[in-house]
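K.L.:
Residue numbers (my numbering): 670 to 1384. Ideal Cβ positions, reconstructed from N, Cα and C, are used throughout, including at glycine. It should be emphasised that the depicted structure is a prediction, and the values quoted were computed from it without experimental measurement. My questions all concern the structure below.
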């Protein structure tokens, strides 16, 4: 008989791993212990080498549902004569290499108990077990134990303690365990912060009445507050938009879980699987998938001009109770004022959301790490695209095919849709979506998350990576940290970073063949000091080269250009035959001033494909001024799709002569493209056909470039 120490690394905390080890060891008649640590789970057993090997094999072959083991090892240690197998107190003296478990949506077993009369957790709004409930959002430090989370103030009652210590119970060592006898409490407030109700049953009834009467209700979720109202009440939605200062950006919907079973919404298999996944993201689905009886939802108020709508199902017990009782979809959008980060603290909710919500539903379990809902969509071919990586997905990133350097590398992100990535001991941790750093509250939120990240792992970066733009707040913070820690700082070009991220995510960097990168977005500082955004790169022998770009045009009026597609239209098409058609879009004085500016020329040029999309949307009279980034491009896509839906076998004509080759590289000729679009407008072609032709031409353009370069792999 020998004593063996087994170390398991990965996503092994907050997923029922210790109870699983306890049960397996007991089943095999092994004595020893299991505990959490800052770098995973540690186990010691008394066994022969053969039995130890069998024990490890059985662990790896039958892992708990949510567990992921990235590394494991075992070694003989000094003999210790254990008399039983126990779960012992966690240790926290190791270097932190744990994969943090994301927040988990309510599981099927807890959903069943929630609705089971006679169960002691019947209609208890905070029912959880080892398979569901908050994790990352309530974690203060690691390892994952109740004392290290927002659950620390809640003392378990006798019955919960019995469950917690019962190896056969689903709540064995469940750190979020509570019940109506030791409850997390609900509080419903009005706009004056006066308590309306604290009894869960009364609160449910009052919220349902509120939705029926058109009220807007803020509800505390896992990662922050949601602003909700009836999705069938157009006036409520319009009032929510007015109060939130969100005139046209699409709003997400939450539908009752029962909708997935009673044909109220028709889903593809991959959409249904994602909606019911433990991450419970917002999934973009076609509005046509909804059964429109007895009357259609006011889609133009929910997602103006678009064909798809973001949908999720209730991911907490409280939301499950509310949506089941209401029986209809509700709008469920981030609890914030436009452009500010999600509100997650009770005091701020009462102070700031009272101007938006008629009622505020709070609870006394703190949120330590705020998170927006994740957003995911699918292509026509069923390929998943993550648009926003946040609740349920962050901060874990697992890709066993990638070989990461064993260094502490901190990547600071850019300006818009910001995130942080920390590579620690060969494991990357990607923060939740943080938002746009031009907003001061978001900037503070960014710094808070960064500080929390570094505290969790008790380490300092040895290398810091920033965007090449010197004026981004993330770059300033990166410079600050590099100075404080006396470590190297590397500035990376924005679009090359996009390309590198795609290469890594899909393991394309390991190919022996060249890869063509097509990186199109709104803005990013280029290596030549100009604004890039319509870039073509080639990965060749491990190095990235810029091989093509959208023809430069004048960057006008700073951020105003991104907000007014008509300005992009003017700059991209200036002096092109037909550009005079744009004059009607501007006041006379503005038109004259812009002509003078363009004649003089700007020292700052742009190759932004984002601005090209904006410009085409304006030329087609789809949108001249937008209220959020990407609105015009989204509307342009919707118009093209609408045409394609009505013409399933469209004319495949494309715009010609768009590529100019020079010294082995190339540029996309915007003047030629715009001239042909104006010609189509003058010929009376519909906006839908031109929008489709524009998209189709860009796809053909990429194909032609790949053929010319003899590259078969695209990113």
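1. Just to confirm before moving on: does the CB-CB distance between residue 839 and residue 857 stay below 8 Å?
2. Taking Cβ to Cβ, would you say residue 1152 is nearer than 8 Å to residue 1081?
3. Would a C-beta distance cut-off of 8 Å place residue 1278 and residue 1202 closer than the cut-off?
4. Can you tell me which residues form a DSSP beta bridge with residue 796?
5. Suppose the cutoff is 7 Å on Cβ atoms and the five residues either side in sequence are ignored; what does the same chain contact list for residue 917 look like?
6. Is it the case that the region 882-900 contacts the region 1006-1023, given that we only count it when at least three CB pairs across the two stretches are under 8 Å?
7. Within 10 angstroms of its Cβ, does residue 827 collect 16 or more other Cβ (buried), or is it exposed?
8. Enumerated in chain order, which unbroken segments of the alpha helix (DSSP H) with a length of 4 residues or greater are wholly contained in the region 1080-1156?
9. Could you tell me the alpha carbon to alpha carbon distance between residue 1131 and residue 1139, rounded to whole angstroms?
10. Using the rule of at least 16 other Cβ atoms within 10 Å of the residue's Cβ for burial, across every protein chain shown, is residue 730 buried or exposed?
11. Work out the CA separation of residue 1041 and residue 886 for me, nearest whole Å.
12. Residue 993 bridges to which residues according to DSSP?
13. What residue range is occupied by the uninterrupted beta strand (DSSP E) comprising residue 1036?
14. Would you decide whether residue 721 is buried or exposed? Buried here means 16 or more other CB atoms lie within 10 Å of its CB.
15. In the structure shown, what three-state DSSP assignment does residue 757 receive?
16. Going by DSSP, what residues sit across from residue 1042 in a beta bridge?
17. Is residue 705 closer than 8 Å to residue 714 when the C-beta atoms are compared?
18. Let's see if you can read the secondary structure: which residues bound the beta strand (DSSP E) around residue 680?
19. Do residue 1063 and residue 805 have their CB atoms nearer than 8 Å?
20. Quick test of your reading: residue 1137 and residue 1194, contact by CB under 8 Å. State the CB separation rounded to the nearest angstrom.
21. Which runs of the alpha helix (DSSP H) fall wholly inside the region 892-926 and span at least 4 residues, in chain order?
22. Does the contact criterion of 3 or more C-beta pairs under 8 Å hold for the region 976-983 versus the region 946-957?
23. Which same chain residues, not among the five before or five after residue 932, have their C-beta less than 8 Å away from its C-beta?
24. Given a cut-off of 8 Å on the beta-carbon distance, is the pair residue 1326 and residue 1362 in contact?
25. Can you tell me where the alpha helix (DSSP H) holding residue 955 begins and where it ends?
26. Taking the C-alpha atoms as reference points, what is the distance between residue 967 and residue 1315?
27. Count the C-beta pairs between the region 789-809 and the region 681-688 that are closer than 8 Å, then say yes if the count reaches three, no if not.
28. Do you know whose CA, among 1271, 719, 1340 and 1333, lies nearest residue 1245's CA?
29. Would the beta-carbon of residue 950 fall within 8 Å of that of residue 824?
30. At which residue ranges does the region 1310-1379 contain complete alpha helix (DSSP H) runs of 4 or more residues, listed in the order of the chain?
31. For the candidate residues 1095, 1083, 1098 and 1365, whose alpha-carbon lies nearest to that of residue 1112?
P.N.:
The structure says:
1. Sequence index remark: in the chain shown, residue 839 carries index 170 (1-based). Sequence index remark: in the chain shown, residue 857 carries index 188 (1-based). Their beta carbons are not under 8 Å apart, which means residue 839 does not touch residue 857 by this criterion.
2. For the purposes of this step, residue 1152 is taken as residue 483 along the chain shown, with counting starting at 1. For the purposes of this step, residue 1081 is taken as residue 412 along the chain shown, with counting starting at 1. Result no, Cβ atoms of residue 1152 and residue 1081 do not sit closer than 8 Å.
3. For the purposes of this step, residue 1278 is taken as the residue at position 609 of the chain shown. For the purposes of this step, residue 1202 is taken as the residue at position 533 of the chain shown. Yes; because the gap between Cβ atoms is below 8 Å, this pair is in contact.
4. As a position in the chain shown, residue 796 is number 127, starting the count at 1. Residue 796 pairs with nothing; no bridge assigned.
5. Residue 917 sits at position 248 when you count from the first residue of the chain shown. So the qualifying residues of the chain are 973, 1296 and 1300.
6. yes
7. In the chain shown, the residue the question calls residue 827 occupies position 158. Residue 827 comes out exposed.
8. As far as the region 1080-1156 is concerned, its whole alpha helix (DSSP H) runs of at least 4 residues are 1109-1126 and 1142-1154.
9. Here residue 1131 refers to the residue found at position 462 of the chain shown. Here residue 1139 refers to the residue found at position 470 of the chain shown. Their backbone Cα atoms lie some 21 Å apart in a straight line.
10. Taking the first residue of the chain shown as position 1, residue 730 is located at position 61. Residue 730 is exposed by the Cβ-count criterion.
11. The residue given as residue 886 occupies position 217 in the chain shown. The residue given as residue 1041 occupies position 372 in the chain shown. One C-alpha to the other measures close to 17 Å.
12. Mapped onto the chain shown, residue 993 falls at position 324. The partner list for residue 993 (beta bridge, DSSP) is empty, contrary to what the question assumes.
13. Looking up residue 1036 in the chain shown gives position 367. Residue 1036 -> no beta strand (DSSP E), and no H or E assigned at all.
14. Working through the chain shown from its first residue, we reach residue 721 at position 52. That one is buried.
15. Numbered from 1 along the chain shown, position 88 holds the residue referred to as residue 757. It is coil, neither helix nor strand.
16. Counting from 1 along the chain shown, the entry for residue 1042 is found at position 373. Residue 1042 is bridged to 1060.
17. Stepping through the chain shown from its first residue, residue 714 is reached at position 45. Stepping through the chain shown from its first residue, residue 705 is reached at position 36. No, the Cβ-Cβ distance between residue 714 and residue 705 is not below 8 Å.
18. Reading the chain shown from its first residue, position 11 is the one you call residue 680. Counting along the chain, the beta strand (DSSP E) containing residue 680 begins and ends at 671-680.
19. If you number the chain shown from 1, residue 1063 lands on position 394. If you number the chain shown from 1, residue 805 lands on position 136. In contact: residue 1063 and residue 805 (Cβ atoms closer than 8 Å).
20. Residue 1137 sits at position 468 when you count from the first residue of the chain shown. Residue 1194 sits at position 525 when you count from the first residue of the chain shown. Confirmed, about 5 Å.
21. 903-913
22. yes
23. In the chain shown, counting from the first residue as 1, residue 932 sits at position 263. So the list reads 960, once near-sequence residues are dropped.
24. Working through the chain shown from its first residue, we reach residue 1326 at position 657. Working through the chain shown from its first residue, we reach residue 1362 at position 693. Result no, Cβ atoms of residue 1326 and residue 1362 do not sit closer than 8 Å.
25. Here residue 955 corresponds to residue number 286 of the chain shown, with the count starting at 1. Where residue 955 is concerned, there is no enclosing alpha helix (DSSP H), although the beta strand (DSSP E) it sits in stretches over 951-955.
26. In the chain shown, counting from the first residue as 1, residue 967 sits at position 298. In the chain shown, counting from the first residue as 1, residue 1315 sits at position 646. Roughly 22 Å separates the two Cα atoms.
27. Output reads yes: the region 681-688 touches the region 789-809.
28. For this step, residue 1245 is matched to residue 576 along the chain shown. Nearest C-alpha to residue 1245: 1340.
29. The residue given as residue 950 occupies position 281 in the chain shown. The residue given as residue 824 occupies position 155 in the chain shown. Going by C-beta atoms, residue 950 is not nearer than 8 Å to residue 824.
30. 1339-1351 and 1356-1378
31. Here residue 1112 refers to the residue found at position 443 when the chain shown is read from its first residue. When only C-alpha atoms are compared, the closest one is 1083.
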